[in-house]
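Q: Numbering (the numbering used here), first residue to last: 519 to 647.
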Amino acid sequence: MSKSTILLVEDEAGLRIMMHKMIQALGYRAFAAANGPEALQIWQDRPGQIDLLLTDMVMEGMSGVQLAQKLRSQVPKLKVVYTSGFSVDFLGEDCEPLIEGENFVQKPYCRQTLASTIRYALESTDSFE
């Protein structure tokens, strides 16, 4: 079984570095971006290589939901896990239903929560199109 590759998008530098290291320690390949446009560049530079998008929902310029929609317009079955310091109830953006532990991780979170959510999303056959 090959390693899954995760595109991490987090606008807070310290958290992005910590999450990147955590994802790699869990055994995944990871690319990290500070924002939507940076993530789109990584996506374009590595066609067909990204298995999961792990993105902050609230970012300057392009939200995580907008980024996911752009990437899913190219790869409809792309797995996505959203993160946010805001509660699911507050977010209410126009996207698929957010379910903690399946496609959403509430900040702050521990390594075990992140690991189980990523694993669930990668193994899930559900599609929220």
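No residue lacks a Cβ here, since even glycine has one placed at the ideal position from N, Cα and C. Owing to the predicted nature of the structure, the values given are computational and were not obtained by experimental measurement.
1. Applying the criterion that 16 or more other CB atoms from any shown protein chain within 10 Å of the CB defines a buried residue, is residue 543 buried or exposed?
2. Buried or exposed: which applies to residue 597, given that a residue is buried once 16 or more other Cβ atoms fall within 10 Å of its Cβ?
3. Do residue 592 and residue 523 have their beta-carbon atoms positioned less than 8 Å apart in this structure?
4. Less than 7 Å between C-beta atoms, sequence neighbours within five positions excluded: which residues of the same chain meet that for residue 640?
5. Got a sec, what are the start and stop residues for the beta strand (DSSP E) residue 600 sits in?
6. Checking 8 Å against the spacing of the C-beta atoms, do residue 573 and residue 558 come in under that value?
7. So, are the CB atoms of residue 635 and residue 583 less than 8 Å apart?
8. Any idea which residues DSSP pairs residue 623 with across the strands?
9. Could you pull out every residue in the same chain whose Cβ sits closer than 6 Å to the Cβ of residue 534, ignoring the five residues on either side in sequence?
A: Well, looking at it:
1. Result: exposed.
2. Looking at its Cβ environment, which holds 16 or more other Cβ atoms inside 10 Å, residue 597 is buried.
3. No, the Cβ-Cβ distance between residue 523 and residue 592 is not below 8 Å.
4. So the qualifying residues of the chain are 522, 569, 570 and 597.
5. For residue 600, the enclosing beta strand (DSSP E) has its first and last residue at 597-602.
6. No, they are not a contact pair.
7. Going by C-beta atoms, residue 635 is not nearer than 8 Å to residue 583.
8. Residue 623 pairs with 601.
9. So the list reads 528 and 550, once near-sequence residues are dropped.
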